[in-house]
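Protein chains: 2
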Amino acid sequence: MSNNQFKRGELYSVVNGMATTAVARRLQKNFRNAGLDITIEQWSVLYHLWKEDGLSQLELGNRTFRDKASTTRLIDNLEKQELVVRVASKEDRRINLVYLTDIAKPLQQITYELANQTMNEALLDITKEEIDIVKNVFQRVYDNLTNKDLL
Amino acid sequence: MSNNQFKRGELYSVVNGMATTAVARRLQKNFRNAGLDITIEQWSVLYHLWKEDGLSQLELGNRTFRDKASTTRLIDNLEKQELVVRVASKEDRRINLVYLTDIAKPLQQITYELANQTMNEALLDITKEEIDIVKNVFQRVYDNLTNKDLL
DNA sequence: GACATATAGTTAGTTATGCAACTAATATAA
DNA sequence: TTATATTAGTTGCATAACTAACTATATGTC
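Order-wise, the sequence lines are chains Y and R.
One rule links them: number in our numbering = place in the first sequence (from 1) + 37.
One rule links them: number in our numbering = place in the second sequence (from 1) + 37.
Pasting the structure below:
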């Protein structure tokens, strides 16, 4: 069960929607203009840390649909760029808690602005009912497949 | 414009739907049992060749949402496994036409069977109307974003 | 307490991805 | 017809993906 999770490479786009790509592209371009070379994948990790700082690597992997090996290396790279630090948990020393640095924190504002703006453009003429149907269909397809151990 | 195409890593899942993953997993497991180690990505190329043999690399890249560099290397690997051969086009010698070998051809039957079976399981209780709505929403999100050059 | 088991994370190995710079062949324009 | 631009494909580079094997810490059971 614990090993029966989504894999990012295959399903991330579905789960997060097509607009994610556009948001990430825009962010990437913007960060690059500001001298920061952040990949789309790294951005997805930062995004979750802005929502909740100090997550464990495993939890970050779950939230971004990555296995732990991929998560390890993504955080390696983020640490190299000093956007993030690993801190061993006091309660359980197996666990690394990941915290944003002072370099990463100010990026949140512009990220959110760009994300909102892009989402609004992407979903311009899509109604709430349609979004609900799409979500519901995905959930049922997912259920149908996981029931058969196919995902 | 020509460079403004989908990139597989980001959008393949959306375009082809979640069920693709399950189909590919099942195929991969089955092929492996038969001694053939075909990756999910390689399978996606074979799939299009079964539909239409002798496509150019560029056309294969378009149909599988990959850039030409990725396509080159996927076909390298398929050629190593002798599932596919490159033949220079007589009309335009820049073009490589990609053909299935006699090893690859018989795999089509089992592939299609598994794909149908998996699709039926995935879409078990989804109605045609719902599928149409999902497709339509994707198309409109895609249009909204490409209109702004965001994809 | 000791031994087996589970969990968090790392490392190694292979494939894949995207960008950019390149080669070779073809098409266009002067 | 020669110079220029375009097109198809390849190669180099860095990042990322997944699997499997590994280390270290924690938990459970006898």
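Positions of the beta carbon are idealized from the N, C-alpha and C atoms, including for glycine.
Quick caveat, the model's predicted, so the values are computed rather than measured.
Asked	Found
Collapsed DSSP secondary structure at residue 123(R) in the structure displayed	strand
8 angstroms Cβ cutoff, residue 114(R) in contact with chain Y	no
Distance CB(residue 134(R))-CB(residue 79(R)) smaller than 8 angstroms	no
Continuous beta strand (DSSP E) assignments of at least 3 residues falling wholly in the stretch 133 to 184 of chain R	133 to 137
The ligand FMN heavy atom lying under 7 angstroms from the CB of residue 156(R)	No copy of the ligand FMN occurs in the structure displayed, which carries no ligand at all.
Candidates 64(Y), 76(Y), 106(Y), 112(Y): closest to residue 91(Y) by CA position	112(Y)
Validate contact between the stretch 150 to 162 of chain R and the stretch 89 to 106 of chain R using beta carbons, cut 8 angstroms, 3 pairs	no
Within-8 angstroms CB hit, residue 159(R) to chain Y	yes
Presumed contact (8 angstroms Cβ cut-off) between residue 83(R) and residue 141(R), rounded CB distance	6 angstroms
Alpha-carbon to alpha-carbon, residue 139(Y) and residue 118(Y)	12 angstroms
C-alpha distance - residue 94(R) paired with residue 176(R), whole-angstrom precision	26 angstroms
Cβ neighbours of residue 180(Y) in the same chain (closer than 8 angstroms, five flanking residues each side left out)	none
DSSP three-state assignment for residue 73(Y), whether helix, strand or coil	coil
Residues bridged to residue 93(R) [DSSP beta-bridge criterion]	134(R)
Residue 172(R) to residue 161(Y) span [Cα, whole Å]	16 angstroms
Nearest candidate by alpha-carbon position, reference residue 85(R), set 144(R), 66(R), 130(R), 132(R)	144(R)
Neighbourhood of residue 168(R) by C-beta, 8 angstroms cutoff - its chain only, sequence neighbours within 5 removed	160
Reference residue 103(Y); option with closest CA among 81(Y), 67(Y), 165(Y)	81(Y)
Nearest-angstrom beta carbon gap, residue 68(R) and residue 77(R) [assumed within contact, 8 angstroms]	About 10 angstroms; that fails the 8 angstroms criterion.
Cβ distance (whole Å) where residue 163(Y) is taken to contact residue 174(R) below 8 angstroms	6 angstroms
Host alpha helix (DSSP H) of residue 110(Y) (start-end)	105 to 117
Separation of residue 131(R) from residue 106(R), as counted between CA atoms	15 angstroms
Separation of residue 122(R) from residue 71(R), as counted between CA atoms	21 angstroms
Exposure label - residue 108(Y); buried when at least 16 CB within 10 Å	buried
Short Cβ contact (8 angstroms threshold) for residue 170(R) with residue 170(Y)	yes
Through-space distance from residue 88(R) to residue 129(R), alpha-carbon basis	23 angstroms
Candidates 137(R), 136(R), 157(R), 178(R), of which the one nearest residue 158(Y) by Cα	178(R)
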